[in-house]
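So the structure is just underneath, and the comments pick up after that.
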Amino acid sequence: MKKALDIRRKQLWYRSTHTGVKDTEIILSQFAKQYLESLEESDLDQYEHLLNIEHNLLYKLITNKKIPDEEIDNSVLQILRILHQKS
Numbered sequence: 001m002k003k004a005l006d007i008r009r010k011q012l013w014y015r016s017t018h019t020g021v022k023d024t025e026i027i028l029s030q031f032a033k034q035y036l037e038s039l040e041e042s043d044l045d046q047y048e049h050l051l052n053i054e055h056n057l058l059y060k061l062i063t064n065k066k067i068p069d070e071e072i073d074n075s076v077l078q079i080l081r082i083l084h085q086k087s
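Take the sequence shown: its letter number 14 is residue 14 in full-length UniProt numbering, and every next letter is one higher.
Shown next, in the form of structure tokens:
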């Protein structure tokens, strides 16, 4: 089980740092560096769900330029928003 989580974290790390949208990559890579190793599986699910969103839309959600739907307004998105505000 631990090996599967390690592989998943590596995949999420890669996706965080290769979005094709530089501003999004900066925020996501900062999040991944600080939090990815300590996230529980349910949080990894939330993060992966966010990474599946089109990246320009995700950037708008993180920067509060768009209000998120209930299904994607989760604790990981809140952390991403805080990281953006601090940068």
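We put the CB at the ideal spot given by N, CA and C, even for glycine.
Only a predicted model underlies this, so the values are computations on that prediction, with no experimental measurement involved.
*Look at the alpha carbon of Arg81 and the alpha carbon of Lys66, and state the distance between them as a whole number of angstroms.*
12 Å
*Hey, is the region 68-85 in contact with the region 29-36, meaning 3+ C-beta pairs nearer than 8 Å?*
yes
*asked:* For the alpha helix (DSSP H) containing Leu28, name the first residue and the last one.
replied: Lys22 to Tyr35
*Burial state of Ser16, where buried means 16 or more other Cβ atoms lie within 10 Å*: buried
*Specify, as a first and last residue, the run of the alpha helix (DSSP H) that His84 falls within.*
Ser75 to Lys86
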